[in-house]
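Position 175 of the sequence shown, counting from 1, maps to 161 under the working numbering, and the rest follow consecutively.
Reviewing the structure listed below.
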Amino acid sequence: MEDRKQFEKLLKTVQIQLLIELVLKEVQLLLMFAGAMALLLLVMARMVIIPYIIYYFAGIIFALLIYFTIRIWRNRPKIQDAAAIYNTHIPDDRVITACSFLHSDSIVATLQLSDAVKVMKKSRESVNKRKKKFIYPKWLLLFLVFTAVKELAKRTGGNELVSEKDTFRPLKNKI
């Protein structure tokens, strides 16, 4: 029982690291899509009058937040993913085998689990120091490009972009 708790504790730290990597990746992807949608909404507003455009933008952002929250929940790392990370640093597939025997009480499972814990403790530093990818430069660069083009088009467009205030002002003056 002691080995099982240590095994799960060692895997839990890697599982949390994988979750942080996933969340940061999805946030950067969300930023990229939000920038693209804002640019698309602005281009549409150039062609057609869109009253209360800020509500459309807020709705798009809200829908993207829900979508990416569901993506994070579905793709959250499992204990097998953490075992696969450990397995790249430990020979002979000991961690994957111990993970498959995790809920078994046989003598072979107990021996395999204790052997895996012993080897995992030795390689814990190399697993924690592995290269992690937190920043995705392509997605961040695309977000910055979309945002810059959107702001540039918004500021240098002349009168093609008609806001809802300009559209409804003549109606108020006639009434």
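Note that CB positions come from ideal geometry on N, CA and C, so glycine has one too.
Treat the numbers as computed from the prediction; the structure is a model and nothing was measured.
- Of the candidates Phe132, Ile76 and Ala44, Ile76 places its Cα closest to the Cα of Val113.
- Between the segment 13 to 30 and the segment 39 to 48, the count of Cβ pairs shorter than 8 Å is three or higher; the stretches touch.
- Within the same chain, and ignoring the five residues on either side of Arg80 in sequence, the residues whose Cβ sits closer than 7 Å to its Cβ are Asp101, Ala102 and Val105.
- Distance between Tyr72 and Leu51, taken at the CA atoms: about 32 Å.
- Cα atoms of Ala68 and Glu(-6): separation of roughly 10 Å, rounded to the nearest angstrom.
- The beta carbons of Leu27 and Arg110 sit no closer together than 8 Å.
- Going by beta carbons, Ile58 and Leu8 fall inside the 8 Å limit.
- Looking from the CA of Asn61, the closest CA among Lys118, Ile35, Thr74 and Ile6 belongs to Ile6.
- Excluding sequence positions up to five before and after Leu127, its CB lies less than 8 Å from no other CB in the same chain.
- Annotation for Pro77: no alpha helix (DSSP H) segment contains it, and DSSP assigns it neither H nor E.
- The alpha-carbon separation between Ile121 and Ala95 amounts to approximately 39 Å.
- Excluding five sequence positions before and after Ala24, the CB atoms of its chain that fall closer than 6 Å to its own CB belong to Lys136, given in chain order.
- Taking a 10 Å sphere around the C-beta of Ala31, we find 16 or more other C-beta atoms and assign the residue as buried.
- By the Cβ neighbour-count rule, Ala84 is buried, with 16 or more other Cβ atoms within 10 Å of its own.
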